[in-house]
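Asks: All residue numbers for the sequence shown refer to the numbering used here, where the first residue is 844 and numbers rise by one. Have a look at this one.
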Amino acid sequence: MSASFSPGVIIVPNEVFTADGATISAADGSFLFGGITLGDGECGSVLSNGVFCVGDTTGSGTHITSIPIYNPSLSVRGTAIPFTPSGFWQKRCGVTSDDVSTFYASSNDATFTALVRSFSDTGTTGGTTWHLDSGGGGGPVSLALSEDGSQFFYAKYASDAAPIKKWNLGSDTTGGTLVAGVAGTSFGQDLLRLPGTNHLIVIATTAGPVFTVRKYDGTSGTLLMSYALTGVTHEASPQRLSIDLGSDGSFWVRTFNDISSATTKFWQFNSSTGSLTASFTINTSSNVGSGKVPFSCPFFAWSLGSGSPTPTFVGTEQTLELVRVRQVGLPALPGNVSQFIGRAEVQMQPGLGVPADPTVAPTISMAWSGDNAVTFGQEKALSLGRTGAYYTRAYQHTVGSKRQPAVRVSCSDDVTFVPTDLFVTREEGTG
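This is the structure we're talking about:
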């Protein structure tokens, strides 16, 4: 069985012990595949298309030295080295993304300023370095990017009374404090922005310890909601968060109790209501075995949309034709003079017929525009030939005079419609 990061799957890289990982079902937690080779660092991030990255300790077990980037097929897409390997590039550095094509990694310099650099989805490092003031002292920051890409949100990881701050990317200057720090409260390793919003989620730890997932407004800093993680009594490893790629309406949490229990729990929450929509407990192991996932973090979830609001169907159920459309504009002639189009032929595979009746010839419709596709004239039906009529040619004579011509070709028959070219005979018009 081959492993992949695809809908219905949670992928779990290992953290320290080996470069292994596992995939499990996002629906019920059943074990799917283990022993996949992935980076073994404690940081990572994912794009909306399933491309993800994992910080890799590369055998040192102490500091991240590279960040491999993986396709959803789990093949290596590229490798990023955003910082020169040093004692300040700490194992628990932060990584986030813009959801589309760019990742951002944080580290610390000798003055414990949190440095941030970007890298592409193939590993190319950007030329800008941002210098986030983390408030002094060692330790990495949890990092997220605002919806408009103009600011970082960040908090000093596992530090008592650490605030959530903002940083301006354009000017490399502070954007002020978003959420004030509170004595006795620390924030977790993951600070994530919910897709399509400027809302942040982070795990807060208070005395007890008590773990809650908090949702903040990224503009005002208002606490919007808290999600209680009941039954979690010990932090053997940092509790982790993951956006659900299959549902904008939910996110996942992974919690750990005492490592000796050799179990981990996954929780799926509705991001609007805070309700728990799914949960399951799985056996863990430092070395991946049958039916076990790594005792590790981070993780990435791609469900089949469970946890999303069920759409309400209003109206009458109908069966409609599926219309496939291709549209292209023709190059203008010198001086943008009008052009007379004498003949236009669509090149494609003819003679396929209609599967339901091979004696019927499917058709395509051709319509022309003289104002660069703003409006179109009357459609003309062109035959593609019944089954076996492989020499049929779909063309139209005497299209007419156009100054800014564009053509639209559509097909609604149950037939393979793959146009490959358009041949046009034209000459400079008059007037």
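Even for Gly, the Cβ is constructed at its ideal location relative to N, Cα and C.
Which residue wins for smallest C-alpha separation from Arg1057, given the options Thr1076, Val1075, Ser1029, His1077?
Replies: Ser1029
Asks: For Asp1003, does the count of other Cβ atoms within 10 angstroms reach 16, so buried, or fall short, so exposed?
Replies: exposed
Asks: Among all the DSSP beta bridges, which residues are the ones paired with Asn1215?
Replies: According to DSSP, which records beta bridges pairwise, Asn1215 is partnered with nothing at all.
Asks: Compute the Euclidean distance between the alpha carbons of His1042 and Val1197, then round it to the nearest angstrom.
Replies: 51 Å
Asks: Buried or exposed: where does Pro1154 fall if 16 or more other Cβ atoms within 10 Å of its Cβ makes it buried?
Replies: With a pLDDT of 40 at Pro1154, under the threshold of 50, the modelled position of this residue cannot be trusted, and the question is left open.
Asks: By Cβ distance, which residues of its chain are closer than 6 Å to Ala1023, with the 5 residues on each side in sequence left out?
Replies: Pro1006
Asks: Between the Cα of Gly1051 and those of Leu1066, Gln1239, Ser1063, Thr1076, spot the shortest distance and give me the residue it belongs to.
Replies: Thr1076
Asks: Going by DSSP, what residue range makes up the beta strand (DSSP E) through Arg1083?
Replies: 1083–1086
Asks: For Asn1179, which three-state DSSP category applies?
Replies: helix
Asks: Measuring straight from C-alpha to C-alpha, what distance separates Asn914 and Pro1262?
Replies: For Asn914 and Pro1262, the distance between alpha carbons rounds to 30 Å.
Asks: Is there contact here, the stretch 1199–1211 with the stretch 1244–1259, by at least three beta-carbon pairs under 8 Å?
Replies: Counting Cβ pairs under 8 Å, three or more are found: they touch.
Asks: CA-CA distance, Ser909 and Phe1142?
Replies: 18 Å
Asks: Beta carbon of Leu1088, beta carbon of Ser891: below 8 Å?
Replies: yes
Asks: With a Cβ-Cβ cutoff of 8 Å, do Gln1032 and Lys1009 count as a contact?
Replies: no
Asks: Between which two residues does the beta strand (DSSP E) containing Asn1113 stretch?
Replies: 1106–1113
Asks: Does the distance from the CB of Leu1037 to the CB of Phe1094 come in under 8 Å?
Replies: yes
Asks: Can you tell me which residues form a DSSP beta bridge with Pro911?
Replies: Thr922
Asks: From the DSSP output, in three-state form, read off Asn1011 for me.
Replies: strand
Asks: Alpha carbon to alpha carbon, what distance is there between Ala1071 and Asp1275?
Replies: In the structure as shown, the chain begins at 844 and stops at 1274. Residue 1275 is therefore absent and cannot be evaluated.
Asks: Let me make sure I understand the geometry here. Which of Trp973, Thr1116, Asp1264 has the alpha-carbon closest to that of Ser1069?
Replies: Thr1116
Asks: With H, G and I counted as helix, E and B as strand and the rest as coil, what does DSSP make of Pro1152?
Replies: Residue confidence is low: Pro1152 scores 39 on pLDDT, short of 50, so the model does not pin down where it sits. Its coordinate-derived value is still stated next. Three-state result, Pro1152: coil.
Asks: Figure out for me which residue from Thr1268, Asp976, Thr922 has the closest Cα to the Cα of Asn1011.
Replies: Closest by C-alpha distance to Asn1011, out of Thr1268, Asp976, Thr922, is Asp976.
Asks: Apart from the five residues just before and just after Tyr947, which ones in its own chain have a Cβ nearer than 6 Å to its Cβ?
Replies: Thr939, Val959, Ser961
Asks: Here's a check: name, in chain order, each residue in its chain whose Cβ is nearer than 6 Å to the Cβ of Ser1244, leaving out the five neighbours to either side.
Replies: Ser1181, Phe1183, Gly1272
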